[in-house]
Amino acid sequence: MKNNYKDTSIIKQLMRDKFTLIACIVLFVIYFSLLFADFIAPYSKDFSDRNMSYAPPSKIFTINENGKFSLPYTYTYKREFDPEAMQVDYKLDRTQKYYLKLFPRGEKYKFLGLIPCSRHLIGVAPEGRLYLLGTDINGRDVFSRILFGGRISMTIGFLALFVLFPIGLLYGGVSGYFGGKVDMLMMRFAEAVMSIPSFYLLIILAAILPSNMTSIQRFILIVVILALIGWAGFARVVRGMVLSIKTQEFVQSAQAIGASRLRIILKHILPQTTSYVIVAMTLSVPSYILAESGLSFLGLGIQQPDASWGNMLKEAQEYINILYRPWLLTPGFLIFIAVLSFNLVGDTIRDVLDPKSKVR
Amino acid sequence: MKKFLYVLLIIILVLFALKFFINADIPELETLKTAKTESLAPVKLPASPKTVTINGIDYLQSQAPVGGFGGVLVASTIGEGPKTFNPFNTKDATSATMADTMFDGLVATRAKDGEAVPKLAKSFEISPDGKTYTFKLRRGIKWSDNKPITAEDVVFTWNKIILTGLGNTSTRDSVLIDGQLPKVEKTDDYTVKFTTIKPFAPFLRILSAPIAPKHIFEPAVRKGEKYFQSFWSTTTPPKNFVISGAFKLKEYVPAQRIVFERNPNYYEINLNGEKLPYLDKIIYLIVGDLNNEILKFEAKELDTISLRGSNVGRYKKREAKSDFIIYNIGPDTGTMFVAINMNKRKNEQGKYYVATKKQAWFNDRNFRYAIDWAIDRQNMVNNIANGLASPLFTAESLNSIYLNKKLANGHPKDLKKAKEYLKKSGFYWKNKILYDKRNNRVEFDLYTNAGNTEREAIGVMVKQDLEDLGMRVNFKPVEFNSLVNKLVNSLDWDLVIMGLTGTPLEPHNGKNVWYSTGSLHLFNQRPDGKATDRFDWEVKLDKIIDEASLKITFNDRKKLYDEYQQIIYDEKPIIYLYSPIRVIAIRKKFGNIFPSPLSGVTYNLDEIYVKQKVKSKK
Amino acid sequence: MQILIYILKRILQTIPLLIVVSLISFFIIRLSPVDPLAELKLNPSISKETLQKETERLGLNKPIYVQYALWAKAFVQGDLGVCSTGESVAGKLKERIPNTLLLTALVILLTWLVGVPLGILAAISWKTPLDRMLTVLTSIGMAIPSFFFAILLLIFAVKTGWFPVGGLTSYNFNEMNLLGKIWDITHHLILPTTVLFTISLAGLQRQMRANLLDVLDSDYVKFARAKGLSEFKVLYKHALRNAINPMITLLGFEFASLLSGAALTEYVFQYPGLGRLVLEAVLKSDINLVMASLMMGAVMLVLGNLIADILLIFTDPRIRTVNSKQ
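Protein chains in written order, with our numbering: chain Y, 285 to 644; chain Z, 192 to 809; chain D, 3 to 328.
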């Protein structure tokens, strides 16, 4: 376990790799836009115009009907039901132009959750509609919902890790350090949890969530469930590491001084596993993002009317939507990009910190 | 070299961005309306089958045009596939469909008008007092193992299986009149007499229940209930099945398909006197969900499919150039609704199922009216069903022969009216937030089953509609089985969006929903099943349901069922939303397709045939 | 003899494990508010009496610990009970397990055939662009949500008509000759295998790479190199054997994780496997079915690990000492 790199050099090493650099930028852009979602999104996640269900993305024009350049503007759509073809069509309503405005007033929100504000990054006059990525079945702006849904999808993994890691570290640490019967009992229990196929455990747990919860409670509980799935495997690895660390001299000297056991575990042994922890963290975030999307696919994850990339993707997966409403697929590609970026960054961090790591 | 690549990449990106932003505003030409597809001329249904006697055998003769023999029809069933092949154990739609394919009942429903007509029976007579039904059976017809079908089989099926309550007891319960079961007697080998204690209108249609071969079922029945439950299960080898219907099970591959083959002993012939059915095989593919079904139809693995929403537009457009044809057979029998929990009871722990303040709202008719007037059905139809549905206001579905047409058109959304109703009951607004007269903020939960895009979308819309009234609605999609547990056991729900299937022919089948002790009396479920604390209108409904079942003529019943719909419309414990329109696509190669709003498209599997060498018309 | 005792000990150790697994699973499922009879209850034509009969048949009216005791007793006697639909659990599992084993074995075989060489390739070209490319490529496979990938592939199948849309066999399967049958099954297996293969390839490739790097860094490889052995010999004679050993231990886990990882893929492809069955059973709280399959999953995992351990005893003499230490 070589840990003699300085922080700066780690970052430098990370950046040296082109893929990692791009991945870092992508992740930064994603998280940055999620942080300022209220501001960037033209609409709130619940804003809906029910005459605009499944409207295609707004067409933005920069050359006007006379062939001259103009400030960008857009039209609203008009919905028509053609009873002969049994189909709903959207046509541009060319009676009124709506110019794109920077920082227009829109729905009120709290900037960063603190400062009341009503300016948005971009928008059109209130009567117009700016749907950068079209709308969903309820006529809600997909672009805005992606931003708000991303907040959930992209943080759920991290939060799960913050629940899981202390448990896993402590469990593995105690088990490995004490050894003997304690170790044996604790490991058998962890193995029992591990031998329940994780995805089934996940859906069983998700299916028992009480139904009378607010969306925040549900979110937190899903985080906890995700953590419950992952801790055992993690604890096992930590225990293995602790087993080898505890025989090292500095631990034995600490024991000789008479430091308490808990103190030895927390102060001397666990810090030695840091690089493993960091690597494991970056490499397991993606699996939680994917797990959330899988749960949502089955209708057990984040529920309507809240948005998450998983439940938005669920709506998109109908054949007709993939063929005719490709804008609904955006969350799928975002999941793909985010997960890929995490994997690339994680791989590089692992190579830098811990080249021989066994972490998958 | 490397640098050059980067520059190139960036240029491409910029160009791409510009392409997105620089758009010329050139009005697209008004596209010509797509060439009119062969509009659906009303299909003329052939005359009902007749009975003809050839060599002493009473055949059923189909009056449909003569077709060619051979070929396969591949249909689908959504879900997990059949759970049993025993027609008396079926508890789900798929198993029931399978049983119907293999077994005929004494009577069948005529596609044209829903009348019950003789099928396995040659004819029947109802005595003038409406209590005795005398059935003459066909002579000389046989089970698939060549044993004759006689009165013995009918009497055995009714007396030993159905009326003793073996398997699914629902048929028995539906013929229970004032606690008395009907009597079934054999007069001679080909005559059976059914006697009910009172005239009972739904009885004739219930006689479409399958008839079992006595020589096969008797040993199983003797072994008792438990054995019977697993008799003719999904693991029974198909060669053991002895059936009366047009098709016999050939193979069941779990989670994949069910294959039926022609029953050579079937008693129906065509106009040339050749034995039906035409098709060699019928195959039901077991598909997990609607999406998969569509994909399979697109890949031509399926021959027929029921289309929904925006798929219809897609298929309609391609119909002229393709190998399938689309039939619009009108509103579905299913209903979609919001139910309101009006329960005022306490559970075993002495806690109210519904909080007292909510009880006051939900039991307030004006409150329910307000919800009804606030809901935007038209936009639900437009958005969620893609225009392919009709707003619904009655407990009977729109294609029901008992539909109360006065109510069917209902009313549009009217927020003002909704607010007036609320004001009438002392509700008031402060900062656009609704409070009741005891100053409680109006807030409740709205449930539906998660994972159903359609219902979730309805939920979002209902939530918004009600929030326009200043109510606060917590919309909670819940996993299906948990939701049902809430609805029928724990009863701790407020509002729910649900759908139920129904029948267009017999309102009495909705008894479990509307009867005050019914097992699906959602809005005021009585866990003990005792008819206590009934609302006045519940008492009235109970009476109407009882009375209407004892009337024989259609007009007498219609009058009562009109009233029953009126009461529900007036009280609104359940607020109906819409019913989808059924559109069915089927390959053009099939002949004798006679779509009917009551029965669908492939109800006459015995008459459907594959057109020979007709690749495409014209 | 020593080995026999070891095996026996391991088998004995699994018994408490199975008990804990069954307790956890049973109580979690039964505490859920899911109603196993939901579909029946929502069917207007099902009578109260039928519902009552169903409740009794499934023992839902008894307290939960009694239900557990009854289940455990039957399980020990080898009776897996009946599903909520009345079919026998053992029968249902028997229908599905071969299909799942077929798919899983195929996927494991493929990932090993491709993943191990790719891992070796990456390790020997460590820190070169090739290594990096391999990692990125396998990462791409890992990053697509499996169900989404599966749906896209299905649409591909529809559009091109090259592959059947889900399932395992065509409807006229039974009329085919042997060759036709084999082709039919292969044809159906291609797409689901592709999905699972792409998803699990990355893990194996990385594992192999890490193991080999580990071994290449060890003293004895350095020694072999110092001795002047050719790089080829060092790699294939010494390093590789030792790098593959730890992979064998993974087999058990890989099998278990595929079992559950395949659920969504099986679901989308309508594959008649265990994954889809359990998924549906869990959603319906079909306790006997869920318990039987969870227990089986656990048994398979334990068995897999056991076999891997035994294999290791033969391939890697060091392990015996390690085991006695534990």
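Glycine included, every Cβ here is placed at the ideal spot set by N, Cα and C.
Own chain, CB closer than 7 Å to residue i, minus 5 neighbours either side, in chain order
i: D:Gly-275; result: Arg-98, Asn-101, Thr-102, Leu-105, Ala-264, Glu-268
i: Y:Met-525; result: Thr-557, Tyr-560
i: Z:Glu-316; result: Thr-325
i: Y:Val-508; result: Val-447
i: Y:Leu-486; result: Ile-509, Ile-513, Ala-575, Leu-579
i: Z:Gly-356; result: Arg-363
Helix, strand or coil at residue i according to DSSP, with G and I counted as helix
i: Y:Gly-407; result: strand
i: Z:Val-198; result: helix
i: Y:Met-470; result: helix
i: D:Ile-85; result: The question names Ile, but residue 85 of chain D is Cys in the sequence shown. If DSSP states are grouped into helix, strand and coil, D:Cys-85 belongs with coil.
i: Z:Thr-268; result: strand
i: Y:Pro-570; result: helix
i: Y:Ser-354; result: strand
i: Y:Trp-611; result: helix
i: Z:Asn-463; result: coil
i: Y:Leu-298; result: helix
i: Y:Arg-363; result: strand
i: Z:Trp-684; result: coil
i: Z:Gly-690; result: strand
i: Z:Val-444; result: strand
i: D:Met-297; result: helix
i: Z:Leu-751; result: helix
Proximal residues to residue i (C-beta, below 8 Å), its chain only, five neighbours per side dropped
i: Y:Asp-420; result: Ser-337, Tyr-338, Val-426, Arg-429, Met-596, Glu-599, Leu-612
i: D:Val-292; result: Ser-27, Ile-31, Val-280, Ala-283, Val-284
i: Z:Ile-474; result: Val-263, Leu-264, Val-265, Ala-266, Arg-448, Ile-449, Val-450, Phe-451
i: Y:Arg-403; result: Phe-323, Phe-387, Pro-388, Arg-389, Gly-390
i: Z:Ile-397; result: Thr-362, Ser-365, Val-366
i: Z:Asn-554; result: Met-533, Lys-535
Buried/exposed call for residue i, threshold 16 Cβ in 10 Å
i: D:Ala-228; result: exposed
i: D:Met-135; result: exposed
i: Z:Pro-273; result: buried
i: D:Phe-225; result: exposed
i: Z:Asp-636; result: buried
i: Y:Pro-400; result: exposed
i: D:Gln-272; result: buried
i: Y:Ser-459; result: buried
i: Y:Arg-378; result: exposed
i: Z:Leu-594; result: buried
i: D:Glu-177; result: exposed
i: Z:Thr-225; result: Note that Z:Thr-225 scores 41 on pLDDT, short of 50, meaning its location in the model is unreliable and no value can be drawn from it.
Integer-rounded CB distance, given that residue j should sit under 8 Å from residue i
i: Z:Tyr-612; j: Z:Tyr-560; result: 4 Å
i: Z:Thr-360; j: D:Glu-51; result: 5 Å
i: Z:Asp-605; j: Z:Ala-551; result: Z:Asp-605 to Z:Ala-551, Cβ: 24 Å. No contact.
Residues near residue i by beta carbon distance below 6 Å, same chain, minus five either side
i: Y:Leu-298; result: Thr-304, Thr-632
i: Z:Ser-591; result: Pro-695
i: D:Ala-92; result: Leu-82
i: D:Ser-259; result: none
Any non-hydrogen atom of the ligand MN within 7 Å of residue i CB
i: Y:Ser-428; result: As for the ligand MN, it is missing from this structure, which has no ligand bound.
Next item on the list: Can you check the stretch 102 to 190 of chain D for any alpha helix (DSSP H) of at least 4 residues that lies completely inside it and give the ranges in chain order?
Entry: 131 to 145, 148 to 162
Check: What are the start and end residues of each continuous alpha helix (DSSP H) run of 4 or more residues lying completely inside the stretch 312 to 377 of chain Z, in chain order?
Finding: 342 to 347, 361 to 365
Margin query: Restricting to runs no shorter than 3 residues, where is the beta strand (DSSP E) found entirely within the stretch 555 to 584 of chain Z?
Written below: 580 to 582
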